[in-house]
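Participant: Residues are numbered in our numbering as their position in the sequence shown, beginning at 1, plus a constant of 308.
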Amino acid sequence: MNGNPAPPPREPQRTAEAARELIELLEVLWERGRDMVSSTPVSASQLRVLYSLDREEGISLRTLGELLGSAPPSVSRMCDRLEALGFVQRLPSPVSRRQLELHLTVRGKAYLRDLRAQREEALLAVITAMSPTNRKALLRGLTGFHEAVGGSGAAAPSPSRTPLKDVSSA
C-alpha cells in the first residue's frame, strides 16, 4: 500500500479540467510556433509522422502505422504528401529488398528543429514570468504526468527525448 492519502473526491476532476484548459492554451501557442516556422502546411497528423520518424529513424510504413494506430493506406498517403514537401524520403531496406524504410530529410529535420525552437521560445516566455516556486511545482507535476502516461502503456516520448528528466534543476 502506498503512503499517499486518497485525494478528495473532486480533486482529480478539477485537475483534469485545469489540464484540459492548459492543453487548449498550449495548442494556441503550438499553432503560433508552427505559423512562424514555415509557410508549408503540415497537418497535425503529418506532424505526428515527423515526430515518429524523428524518434524511430528508418522504420517501415507498417511499423509507422502501428505506432500511429492508423491504417496502412492512410499512412502511405501522409508519407506521399510529406515526401512531396521534401520532408520524408523512402529508401530501400538493407535487410529486405521488398521493404522500404522511412527517413526524415535534411529539410524535414530542419523543420522540426525550427518548430521546436519556436515552441520552446513561446513556452519560455510564459515560464519565465512564473515564480521559481511555481516553476518547480509545474516541473514536478509535468514529471509525474509524464511518468503516469509512460507507465500506462500509452504512446509516450522515449526517455532519451524527454525534457523532464531532472526535476532538481528547476
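Even glycine gets a Cβ: it sits at the ideal position worked out from N, Cα and C.
1. Using 10 angstroms around the beta-carbon of F453, count the other beta-carbons present and answer buried if the total reaches 16, otherwise exposed.
2. Is the separation between the beta-carbon of H411 and that of L423 shorter than 8 Å?
3. Would you kindly work out how many angstroms separate the C-alpha atoms of Q407 and P349, rounded to a whole number?
4. So within the segment 352-431, which uninterrupted alpha helix (DSSP H) runs reach at least 4 residues, ignoring any that extend past its ends?
5. Is it right to say R427 is buried, meaning 16 or more other beta carbons lie within 10 angstroms of its own, or is it exposed?
6. Helix, strand or coil: how does DSSP classify A326 here?
7. Helix, strand or coil: how does DSSP classify P349 here?
8. Should the segment 385-405 be regarded as contacting the segment 356-365, the criterion being three or more beta carbon pairs within less than 8 Å?
9. Taking L384 as the reference, give the member of L375, T451, Q321 and R370 with the closest Cα.
10. Measure how close the beta-carbons of E409 and S368 come, nearest whole angstrom, since I'm counting them as under 8 Å.
11. Does S416 pass the burial test, meaning 16 or more other C-beta atoms within 10 Å, or should it be called exposed?
Facilitator: The structure says:
1. Here residue 453 is taken as the residue at index 145 of the sequence shown, counted from 1. Answer is exposed; the Cβ neighbour count stays below 16.
2. As a first step, residue 411 must be located in the sequence shown, where it is residue number 103. As a first step, residue 423 must be located in the sequence shown, where it is residue number 115. The answer is no: Cβ separation not under 8 Å.
3. Here residue 407 is taken as the residue at index 99 of the sequence shown, counted from 1. Here residue 349 is taken as the residue at index 41 of the sequence shown, counted from 1. Computed Cα separation, rounded: 29 Å.
4. Fully enclosed alpha helix (DSSP H) runs of 4 or longer: 352-363, 369-376 and 380-393.
5. Here residue 427 refers to the residue found at position 119 when the sequence shown is read from its first residue. When all chains shown are included, R427 counts as buried.
6. Within the sequence shown, the letter at position 18 stands for residue 326. In the structure shown, A326 sits in a helix (DSSP, three-state: H, G or I).
7. In the sequence shown, the residue the question calls residue 349 occupies position 41. Note: P349 maps to coil in three-state DSSP.
8. yes
9. For the purposes of this step, residue 384 is taken as the residue at position 76 of the sequence shown. The question names Leu, yet the displayed sequence has Ser at residue 384. Minimum Cα distance to S384 is reached at R370.
10. Here residue 409 corresponds to residue number 101 of the sequence shown, with the count starting at 1. Here residue 368 corresponds to residue number 60 of the sequence shown, with the count starting at 1. The beta-carbon separation of E409 and S368, rounded to 6 Å, stays under the 8 Å limit for a contact.
11. By one-based count along the sequence shown, residue 416 stands at place 108. Correcting the residue identity first, residue 416 is Gly in this sequence and not Ser. Its Cβ being crowded by 16 or more others within 10 Å, G416 is buried.
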